[in-house]
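So the sequence lines, in the order shown, correspond to chains B and U.
Just so it is clear: in the first sequence, position 292 is 292 by the numbering used here, and no numbers are missing.
Position in the second sequence counted from 1, then plus 1000, gives you the numbering used here.
We put the CB at the ideal spot given by N, CA and C, even for glycine.
Nothing here was measured: the structure is a model prediction, and the numbers come from that model.
Here's the structure we're looking at; comments come further down.
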Amino acid sequence: MLRTEEILSTIQMLHAEHLDVRTVTLALNVDDCAASGMDAVCRKLRQKILTRSGRLVEVCDRIGGKYGIPVTNKRLAISPVSHILAGHGHAAAVAVAKALDSAAEACKVDLVGGFTALVHKGITAADAVVMNSLPEVLSTTVRVCASVNVASRKAGINMDAVAQMGGIILRIAEATAEQKGFGCAKLVVFANIPEDNPFMAGAYMGAGEGDAAVNIGVSGPGVVGSALRRRLQIGGRLTLNDLAEEIKITSFRVTRVGELIGREVAAELGVPFGIVDLSLAPTPAVGDSVGEIIKTLGIERIGAPGSTAALAMLNDAVKKGGAFASSSVGGLSGAFIPVSEDAALAAAVADGDLVLEKLEAMTAVCSVGLDMIAIPGDTPAETVAAIIADEMAIGVMNDKTTGVRLIPVPGAKAGDKVEFGGLFGSASVIDIRCKGASSGFVGFGGRIPAPIQSLGN
Amino acid sequence: MTTRFPHAYVVNVLSNDHPGIVASVGKAVEALGGNIDACSETVLGGYFSLVMIVSLPKSTEPAALVKAIEASGDSVAAYQVLARCFEAERAAQPAQPPERFVITAFGADKPGILLKFSQYLAGKDINIVDLYGNRQGSDFVLISQVEIPPRWDIAMLQTDLDELARAEGFTVRLQHENIFVATNQLRLSLSRSEPTAQSRGIDGLTD
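Given below as structure tokens:
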């Protein structure tokens, strides 16, 4: 029999603190949709997606209803599109993207990831097609999300790819100038891309992951924040150990929710259960902020000294709670700092408290990277590339995943406020110091070799 | 369950709560040569209630058992006791026990809430297997664990309960118990096909 306190504390977490399953992502391997004719590829892709994903939304809603926990987003992730574009050209890439977009719409999923190229050591012809098609793809489709892996522990950093991505990001922003460059919000550049990440925009179906899998993303910065505030209100002399423990326990409970729902959805769909990704993924909604947690931990202004340490503690406690809750933890699993999706982080940037350099430091101790950051529209391509290179270096040298999702806002300068609209509210354009001073370094090209730590065989 | 002795009775003891009640009841049972085969106690608002299965080597009238236990109280009418014959087959669990759900309700208290709520459940053959209710200020909280026959569609029950709650001015939720198990207990959530210690009857009272 369940005890009263157990029931009440779960109700508190689910309903007062708005815990939800942030995403159920159905990952599908679509390599078998390859064909020599572009139309055949599109047809096979659409058919496969509709057949395998047709019931996803209905199953998620039913199981969410049984437990009283909404599944906020239902998404798809495919194996790298570069595989089925082998031997094809630009027109095929755009056609495939449109097919993905319309198939996702037919299944009522809001995003489909996997428009992906893995180029950490070299760029194939198909990879080049994918990368160069991004401006058109991301400006003419709604649901397609893209990712490019330009670095890995074993391969080092592909600086040719990094340089190209600098230019491509600017071209995507130009192509979506009417949405203030927001097409760039659908692209992540990675080091050590995770193969089972359920969150967008970086979700894709990795090699060796089988035919299909259900990967769950749970979130809940609001839940963690509330748990901390409640603990602090109870009073007594608390140390950082105590606060880390509180975060860990809360993360355990949140992950258990994801695992429970994920396993049932997978069973109903007849698809293997993949992983639970417990990541504190903020949204602009009030209370759903990682930045607020950092303030609750006693950093009055985010970006002040101590921000990195506080975030490190938070990220680690989240991972530990998640690891105990499930044997199938994967994806990113940690704390995200997507600036324009987190009200407190966005405000800190707008106030000038949180600068790019501090964000970069923070990425060394948390899960994602330089994420959802609006930058001046006139930032040179080499500087964008160099920002990417810095972030990739952090990932490669520390054997972790890092990513870059920058949004150059055409016509905007540092300090300008930009309205993206809809769920994404507004953002402040961050200042980039020493613009234009990196072109020599980026111009060399080639590869930054894999670090000595990678020689582990 | 099998009782220690062949003649078994189910007994209920109501008393003001204080230390020593179980000891004195136990002494009374011992004096009759009997065994307490199972027991469960609740304290509510300063009052003590005990339900137990008692078995005796010799058959006796339930009324006599009641008298013997009441006499063990330390003053007249300190214990109010009820007893009836225990029918062993009542403890048997069905091969496939119904799934358990939790229904929680919160809101401004007024007379009739529990009545309407329980009448609705009775109308659907939904058995309440555990119930907790309390007033907090002028609000109430009600938590019930229920067994829902598989023929019902949960979404429809949720809609019915939402309407009932809206009409009466409170919030209600119906959720499968697994969500509470998963977030509070260090064991795997139970699937339909797995029998559990709990569902095997009153042996598993500790959870």
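TODO: Could you work out which residues of chain U lie near B:Val71, taking near to mean beta carbons separated by less than 7 Å?
DONE: For the purposes of this step, residue 71 of chain B is taken as the residue at position 71 of the first sequence. Result: empty, since nearest Cβ-Cβ is about 13 Å, beyond 7 Å.
Task: Residue nearest to B:Ala161 in terms of C-alpha spacing, selected from B:Lys413, B:Leu111, B:Cys107 and B:Met392 - done: Residue 161 of chain B sits at position 161 when you count from the first residue of the first sequence. If we check each option's Cα against that of B:Ala161, B:Met392 comes out closest.
Task: U:Asp1153 to B:Gly65 span [Cα, whole Å] - done: Along the second sequence, one-based indexing puts residue 1153 of chain U at 153. Along the first sequence, one-based indexing puts residue 65 of chain B at 65. Straight-line Cα distance between these residues: approximately 11 Å.
Open item on the list: Less than 8 Å between C-beta atoms, sequence neighbours within five positions excluded: which residues of the same chain meet that for B:Lys48?
Closed with: On the first sequence, residue 48 of chain B is found 48 positions in, with the first residue counted as 1. Excluding sequence positions up to five before and after B:Lys48, its CB lies within less than 8 Å of the CB of Leu28, Val30, Asp32 and Cys33, all in the same chain and listed in chain order.
- [ ] Give me the Cα-Cα distance between B:Val368 and U:Gly1107, rounded to the nearest whole angstrom.
- [x] Here residue 368 of chain B is taken as the residue at index 368 of the first sequence, counted from 1. Here residue 1107 of chain U is taken as the residue at index 107 of the second sequence, counted from 1. B:Val368 and U:Gly1107: Cα-Cα distance of roughly 42 Å.
Open item on the list: Using 8 Å as the threshold, is the C-beta distance between U:Pro1149 and U:Asp1125 below it?
Closed with: Taking the second sequence and counting its residues from 1, the one referred to as residue 1149 of chain U is at position 149. Taking the second sequence and counting its residues from 1, the one referred to as residue 1125 of chain U is at position 125. Yes, these two residues count as a Cβ contact at 8 Å.
- [ ] Report the option in U:Glu1177, U:Arg1187 and U:Thr1002 whose CA atom is closest to the CA atom of U:Glu1089.
- [x] Here residue 1089 of chain U is taken as the residue at index 89 of the second sequence, counted from 1. Nearest C-alpha to U:Glu1089: U:Thr1002.
Open item on the list: Mapping the DSSP letters down to three states, classify B:Lys459 as helix, strand or coil.
Closed with: No answer is possible for residue 459 of chain B: the residues shown for chain B start at 1 and end at 457.
- [ ] Could you tell me which of B:Cys107, B:Val24 and B:Leu356 sits nearest to B:Arg46, measuring between CA atoms?
- [x] Numbered from 1 along the first sequence, position 46 holds the residue referred to as residue 46 of chain B. Check the Cα spacing between B:Arg46 and each of B:Cys107, B:Val24 and B:Leu356: the tightest is with B:Cys107.
Task: the stretch 261 to 281 of chain B in contact with the stretch 321 to 331 of chain B per 3-pair CB rule at 8 Å - done: yes
TODO: With 8 Å as the threshold, decide whether the Cβ of B:Ile388 is near any Cβ in chain U.
DONE: Within the first sequence, residue 388 of chain B is the residue found at index 388, counting from 1. B:Ile388 does not count as touching chain U.
Task: Partners in chain U for B:Gly68, counting only beta-carbon separations shorter than 8 Å - done: For the purposes of this step, residue 68 of chain B is taken as the residue at position 68 of the first sequence. Residues of chain U passing the Cβ test: Arg1173, Leu1174, Gln1175 and Ile1179.
TODO: Kindly indicate which three-state DSSP category B:Met13 falls into: helix, strand or coil?
DONE: Taking the first sequence and counting its residues from 1, the one referred to as residue 13 of chain B is at position 13. Three-state result, B:Met13: helix.
TODO: Would you mind stating whether B:Asp288 and B:Pro198 have Cβ atoms separated by less than 8 Å?
DONE: For this step, residue 288 of chain B is matched to residue 288 along the first sequence. For this step, residue 198 of chain B is matched to residue 198 along the first sequence. No, Cβ-Cβ distance for B:Asp288 and B:Pro198 is not below 8 Å.
Task: Contacts around B:Leu19, its chain only, beta-carbon distance under 7 Å, and the 5 residues preceding and following it disregarded - done: Translated into positions along the first sequence, residue 19 of chain B becomes position 19. If you ignore the 5 residues before and after B:Leu19, its C-beta comes within less than 7 Å of the C-beta of Met13, Ile69, Gly220, Val223, Val254 and Val257, all in its own chain and listed in chain order.
Open item on the list: Does chain U have any CB closer than 8 Å to the CB of B:Glu6?
Closed with: As a position in the first sequence, residue 6 of chain B is number 6, starting the count at 1. Taking Cβ atoms only, chain U reaches closer than 8 Å to B:Glu6, which makes this a yes.
Task: Rounded C-alpha distance that separates B:Ser454 from B:Leu26 - done: The residue you call residue 454 of chain B lines up with position 454 of the first sequence. The residue you call residue 26 of chain B lines up with position 26 of the first sequence. B:Ser454 and B:Leu26: Cα-Cα distance of roughly 32 Å.
Open item on the list: Residues in the same chain with beta-carbon distance under 8 Å from B:Ile294, minus the five sequence neighbours each way, listed in chain order, please.
Closed with: By one-based count along the first sequence, residue 294 of chain B stands at place 294. Excluding positions up to five away in sequence, the list reads Ile302, Ser307, Ala310, Leu311, Leu314 and Ala344.
Task: CA nearest to the CA of B:Ala155, picked from B:Arg230, B:Gly122 and B:Ala244 - done: Within the first sequence, residue 155 of chain B is the residue found at index 155, counting from 1. For B:Ala155, the nearest C-alpha among the options comes from B:Gly122.
Task: Under 8 Å between C-beta atoms of B:Arg366 and B:Ile388 - done: As a position in the first sequence, residue 366 of chain B is number 366, starting the count at 1. As a position in the first sequence, residue 388 of chain B is number 388, starting the count at 1. As written in the sequence, residue 366 of chain B is Cys, which differs from the Arg given in the question. No, these two residues do not count as a Cβ contact at 8 Å.
Open item on the list: Just to confirm before moving on: does the CB-CB distance between B:Pro194 and B:Leu332 stay below 8 Å?
Closed with: Stepping through the first sequence from its first residue, residue 194 of chain B is reached at position 194. Stepping through the first sequence from its first residue, residue 332 of chain B is reached at position 332. Pairing B:Pro194 with B:Leu332 gives a Cβ-Cβ distance under 8 Å.
TODO: Leaving out five residues on either side along the sequence, give the residues of the same chain with a beta carbon under 6 Å from the beta carbon of B:Gly377.
DONE: Here residue 377 of chain B corresponds to residue number 377 of the first sequence, with the count starting at 1. Result list for B:Gly377: Pro408, Val409, Pro410, Gly411 and Ala412, in chain order.
Task: Extent of the continuous alpha helix (DSSP H) run through B:Gly113 - done: Residue mapping note: residue 113 of chain B aligns to position 113 of the first sequence, counting from 1. It is not in any alpha helix (DSSP H) - B:Gly113 instead sits in the beta strand (DSSP E) that spans Leu111 to Leu118.
Task: Continuous beta strand (DSSP E) stretch holding B:Ile458: start and end - done: Shown here, chain B extends from 1 to 457; a query on residue 458 of chain B therefore has no answer.
Task: Cβ distance (whole Å) where B:Leu370 is taken to contact B:Ile432 below 8 Å - done: Locating residue 370 of chain B in the first sequence gives position 370, counting from the first residue. Locating residue 432 of chain B in the first sequence gives position 432, counting from the first residue. About 11 Å separates the two Cβ atoms, so there is no contact after all.
- [ ] Find the nearest neighbour of U:Pro1006 within the set U:Phe1086, U:Thr1042, U:Met1052 and U:Gly1123, judged by alpha-carbon distance.
- [x] Translated into positions along the second sequence, residue 1006 of chain U becomes position 6. Comparing Cα positions, the closest option is U:Phe1086.
TODO: Output the boundary residues of the alpha helix (DSSP H) element that contains B:Met38.
DONE: If you number the first sequence from 1, residue 38 of chain B lands on position 38. Its alpha helix (DSSP H) spans residues Met38 to Ser53.
Task: Contact the stretch 108 to 128 of chain B vs the stretch 230 to 248 of chain B: 3+ CB pairs below 8 Å - done: no
- [ ] With distances taken Cα to Cα, identify the nearest neighbour of B:Asn132 among B:Thr363, B:Ile172, B:Ser36 and B:Pro449.
- [x] Indexing the first sequence from 1 puts residue 132 of chain B at position 132. Considering only alpha carbons, the answer is B:Ile172.
TODO: Check whether the Cβ atoms of B:Ser340 and B:Met362 sit closer than 8 Å, and answer yes or no.
DONE: Counting from 1 along the first sequence, the entry for residue 340 of chain B is found at position 340. Counting from 1 along the first sequence, the entry for residue 362 of chain B is found at position 362. Taking 8 Å as the Cβ cut-off, B:Ser340 and B:Met362 do not qualify as a contacting pair.
TODO: Compare the Cα-Cα distances from U:Lys1110 to each of U:Leu1032, U:Gln1136, U:Tyr1009 and U:Phe1101 and report the closest residue.
DONE: On the second sequence, position 110 is the one that residue 1110 of chain U refers to. Residue U:Gln1136 is the option with its Cα nearest to U:Lys1110.
Task: B:Gly403 vs B:Gly330 beta-carbon contact at 8 Å - done: Looking up residue 403 of chain B in the first sequence gives position 403. Looking up residue 330 of chain B in the first sequence gives position 330. Taking 8 Å as the Cβ cut-off, B:Gly403 and B:Gly330 do not qualify as a contacting pair.
Open item on the list: Please tell me whether B:Asp353 and B:Ala414 are closer than 8 Å, where the distance is taken between their beta carbons.
Closed with: Start at 1 with the first residue of the first sequence, and residue 353 of chain B comes out as number 353. Start at 1 with the first residue of the first sequence, and residue 414 of chain B comes out as number 414. No, the pair does not count as a contact, with Cβ atoms beyond the cut-off.
Open item on the list: Just to confirm the assignment, what range does the alpha helix (DSSP H) spanning B:Gln164 have?
Closed with: Looking up residue 164 of chain B in the first sequence gives position 164. That run of the alpha helix (DSSP H) goes Met159 to Ala175.
Open item on the list: Please report the distance separating the alpha-carbon of B:Met205 from that of B:Ser79.
Closed with: Counted from its first residue, the first sequence places residue 205 of chain B at position 205. Counted from its first residue, the first sequence places residue 79 of chain B at position 79. Cα to Cα, B:Met205 sits roughly 4 Å from B:Ser79.
Open item on the list: Check whether chain B comes within 8 Å of U:Thr1159, counting only Cβ atoms and requiring the distance to be less than that.
Closed with: The residue you call residue 1159 of chain U lines up with position 159 of the second sequence. Not closer than 8 Å to any Cβ of chain B, the Cβ of U:Thr1159 fails to qualify, so no.
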